[in-house]
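Chemist: Handing you this structure, nothing more for now.
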Ligand code: MRU
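In the numbering used here, the protein residues as written are 812 to 1164.
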């Protein structure tokens, strides 16, 4: 199974996804700042992977706090959490993971700082392992939605590389293939950073699952031609009414899917839900460097000085989503109700306790 992030002694190693698929290089992070930079510059990306990397980064930062006093340690840790929060704004998993680490620290106000450092490191490793278990459950739950001999469209990368292993949307596809279903995958290249072509196609080829890459704007044409049986994507944040923020371009795929009566499924762990948000309009949308739009692989292709706009995510309203596949089952519309029933309490978020 592809690994994206791991502890190695007192460092965190991150598989540098900016170099994939041509080079497989581990980036060694020795400080909290190294991890924040790796997330911001997308050496690691994908909502669940960002969450776990953030937790590990905070555990790494905690090791560097030089005090024996709980109050001082807590204050410093909270500053680090604040810094980490700014790494990337859209993925709910970042907020979720940071919240979990803060809770771990706050529960240990009677412990020594040495004990707390040990526990937060262990907690981050547990989060990594639980993420894989969660993905396997999501993938199993999604199987019922995948018919035999299906051609599936996916957007961006919601595979092993976007998580700690196996993947969410790509996990469902992988599980269908492993179950013997005859699956073909069409992958949107996913401009500007080409996560579909570079990462999703790479994962599918490694697993011997037939894959064809298209430019993003070809998806509508193929839907109208009835080539695509269903669509499945991941999510970066899901509001309490079921609106889904995901990679830019997801919204137009979902709208065209509905027009052509093709099911549009979202696969996501509970840690991606943000029950504080009433709807998707409240999701903070990351805007990245315009240079990512006018350049490709570091080569400037547009005219020098041209304006470019680069929103990294968009929101698909719940009415376009046929089902949301989670580790606790498949949610159907009306989502406000099915999501409320899924979370027993406001804190009951994620990783299959
Ligand atoms: O900008 P990225 O590459 O972090 O965006 C990733 C996505 O949009 C994924 O679809 C999403 O995080 C789900 S990953 C299981």
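Built from N, CA and C at the ideal position, the CB exists for glycine as well.
Small disclaimer: the values here were computed from a predicted structure and weren't measured.
So, with DSSP's three-state summary, where would you put residue 1140?
Modeler: Here residue 1140 refers to the residue found at position 329 of the chain shown. In the structure shown, residue 1140 sits in a strand (DSSP, three-state: E or B).
Chemist: I think residue 893 touches residue 928, with their Cβ atoms under 8 Å apart; what is that distance to the nearest whole Å?
Modeler: The sequence position of residue 893 within the chain shown is 82, counting from 1. The sequence position of residue 928 within the chain shown is 117, counting from 1. Contact flag wrong, Cβ pair sits at about 19 Å.
Chemist: Which residues bound the alpha helix (DSSP H) around residue 1131?
Modeler: The residue you call residue 1131 lines up with position 320 of the chain shown. Unbroken run through residue 1131: none, as it is neither H nor E.
Chemist: Is the stretch 1039-1051 touching the stretch 1015-1024, taking contact as three or more C-beta pairs under 8 Å?
Modeler: No: fewer than three Cβ pairs fall under 8 Å.
Chemist: Give me the Cα-Cα distance between residue 910 and residue 933, rounded to the nearest whole angstrom.
Modeler: Residue 910 sits at position 99 when you count from the first residue of the chain shown. Residue 933 sits at position 122 when you count from the first residue of the chain shown. Computed Cα separation, rounded: 16 Å.
Chemist: Could you tell me the distance, in whole angstroms, from the CA atom of residue 947 to the CA atom of residue 863?
Modeler: Locating residue 947 in the chain shown gives position 136, where the first residue counts as 1. Locating residue 863 in the chain shown gives position 52, where the first residue counts as 1. Approximately 17 Å between the Cα atoms of the pair.
Chemist: Mind reading off the beta-carbon distance from residue 1104 to residue 966? Whole number of angstroms is fine, and I expect it under 8 Å.
Modeler: The count along the chain shown starts at 1 and reaches residue 1104 at position 293. The count along the chain shown starts at 1 and reaches residue 966 at position 155. So it is not a contact: roughly 17 Å between Cβ atoms.
Chemist: Among 1094, 851, 1048, which residue has its Cα nearest to the Cα of residue 1078?
Modeler: By one-based count along the chain shown, residue 1078 stands at place 267. Here the closest residue by C-alpha is 1048.
Chemist: Using beta-carbon positions only, say whether residue 959 and residue 999 come within less than 7 Å of one another.
Modeler: Position 148 of the chain shown holds residue 959. Position 188 of the chain shown holds residue 999. No, they are not a contact pair.
Chemist: May I ask you to report which of helix, strand or coil DSSP gives residue 1157?
Modeler: Taking the first residue of the chain shown as position 1, residue 1157 is located at position 346. At residue 1157, the pLDDT of 48 sits below 50, so the modelled position is not reliable; the number obtained from the coordinates is stated separately. Note: residue 1157 maps to coil in three-state DSSP.
Chemist: Would you check if the distance between the CB atom of residue 847 and the CB atom of residue 899 is smaller than 7 Å?
Modeler: As a working note, residue 847 is residue 36 in the chain shown. As a working note, residue 899 is residue 88 in the chain shown. In this structure, residue 899 does not lie closer than 7 Å to residue 847 by Cβ.
Chemist: CA-CA distance, residue 984 and residue 889?
Modeler: Locating residue 984 in the chain shown gives position 173, where the first residue counts as 1. Locating residue 889 in the chain shown gives position 78, where the first residue counts as 1. Computed Cα separation, rounded: 39 Å.
Chemist: Just to confirm, is the Cβ distance from residue 825 to residue 838 under 7 Å?
Modeler: Reading the chain shown from its first residue, position 14 is the one you call residue 825. Reading the chain shown from its first residue, position 27 is the one you call residue 838. Yes, Cβ-Cβ distance for residue 825 and residue 838 is below 7 Å.
Chemist: Do residue 1046 and residue 1055 have their C-beta atoms closer together than 7 Å?
Modeler: Along the chain shown, read from residue 1 onward, the residue named residue 1046 stands at position 235. Along the chain shown, read from residue 1 onward, the residue named residue 1055 stands at position 244. The answer is yes: Cβ separation under 7 Å.
Chemist: Can you tell me where the beta strand (DSSP E) with residue 961 in it begins and where it stops?
Modeler: As a first step, residue 961 is located in the chain shown; it is residue number 150 there, counting from the start. Element bounds for residue 961: 961-965.
Chemist: With a CB to CB cut of under 6 Å and the five nearest residues on each side skipped, what residues in its chain are close to residue 1119?
Modeler: The residue given as residue 1119 occupies position 308 in the chain shown. These residues qualify, in order along the chain: 1101, 1104, 1105.
Chemist: Where does residue 1071 fall in DSSP's three states?
Modeler: Position 260 of the chain shown, counted from the first residue, corresponds to residue 1071. Three-state result, residue 1071: coil.
Chemist: Looking only at its own chain, which residues have a Cβ that is under 6 Å from the Cβ of residue 1012, when we skip the five neighbours before and after it?
Modeler: In the chain shown, residue 1012 corresponds to position 201, counting from 1. So the list reads 998, 1022, 1024, once near-sequence residues are dropped.
Chemist: What residue ranges within the stretch 968-1021 form continuous beta strand (DSSP E) runs of no fewer than 3 residues, ordered along the chain?
Modeler: Complete beta strand (DSSP E) runs here, min 3: 994-999.
Chemist: Does the beta-carbon distance from residue 1075 to residue 1132 come in below 7 Å?
Modeler: Residue mapping note: residue 1075 aligns to position 264 of the chain shown, counting from 1. Residue mapping note: residue 1132 aligns to position 321 of the chain shown, counting from 1. A contact, by the Cβ cut-off of 7 Å.
Chemist: Pop quiz: residue 1001 and residue 1058 are said to be a contact at Cβ under 8 Å. What is the actual Cβ separation, rounded to whole angstroms?
Modeler: Sequence index remark: in the chain shown, residue 1001 carries index 190 (1-based). Sequence index remark: in the chain shown, residue 1058 carries index 247 (1-based). Indeed, because the Cβ distance is near 6 Å, the residues count as touching under 8 Å.
Chemist: Per DSSP, what kind of secondary structure is residue 1087 in: helix, strand or coil?
Modeler: As a working note, residue 1087 is residue 276 in the chain shown. Reduced to three states, the DSSP call for residue 1087 is coil.
Chemist: Going by DSSP in three states, residue 1120 sits in which element: helix, strand or coil?
Modeler: In the chain shown, counting from the first residue as 1, residue 1120 sits at position 309. The answer is coil: DSSP assigns residue 1120 none of H, G, I, E or B.
Chemist: Within the present structure, is the beta-carbon of residue 1047 separated from the nearest heavy atom of the ligand MRU by less than 6 Å?
Modeler: In the chain shown, the residue the question calls residue 1047 occupies position 236. The answer is yes for residue 1047.
Chemist: Would you report the Cα separation of residue 1155 and residue 1083, rounded to the nearest angstrom?
Modeler: Along the chain shown, one-based indexing puts residue 1155 at 344. Along the chain shown, one-based indexing puts residue 1083 at 272. Roughly 16 Å between the two C-alpha positions.
Chemist: Based on the DSSP output, what are the partners of residue 1057 in its beta bridges?
Modeler: As a working note, residue 1057 is residue 246 in the chain shown. Paired residue(s): 1125.
Chemist: Taking 6 Å as the cut-off, is the beta-carbon of residue 1057 closer than that to any non-hydrogen atom of the ligand MRU?
Modeler: Residue numbering aside, residue 1057 sits at position 246 when the chain shown is read from its first letter. Checking the Cβ of residue 1057 against the ligand MRU gives yes.
Chemist: For residue 841, is the classification buried or exposed, using 16 other Cβ atoms within 10 angstroms of its Cβ as the cut-off for buried?
Modeler: As a position in the chain shown, residue 841 is number 30, starting the count at 1. When all chains shown are included, residue 841 counts as exposed.
Chemist: Going by the C-beta, is residue 857 closer than 6 Å to any heavy atom of the ligand SAH?
Modeler: Because the ligand SAH does not appear in the structure shown, any question about it cannot be addressed here, the ligands present being the ligand MRU.
Chemist: Anyone know if the C-beta pair for residue 832 and residue 1009 falls short of 7 Å?
Modeler: Residue mapping note: residue 832 aligns to position 21 of the chain shown, counting from 1. Residue mapping note: residue 1009 aligns to position 198 of the chain shown, counting from 1. In this structure, residue 1009 lies closer than 7 Å to residue 832 by Cβ.
Chemist: Which residues in the same chain as residue 938 place their Cβ atom closer than 6 Å to its Cβ, once the five residues preceding and following it in sequence are excluded?
Modeler: Here residue 938 is taken as the residue at index 127 of the chain shown, counted from 1. Cβ neighbours of residue 938 beyond the five flanking positions: 863, 866.
Chemist: What is the DSSP secondary structure of residue 1026, reduced to helix, strand or coil?
Modeler: Position 215 of the chain shown, counting from 1, holds the residue named residue 1026. It is coil, neither helix nor strand.
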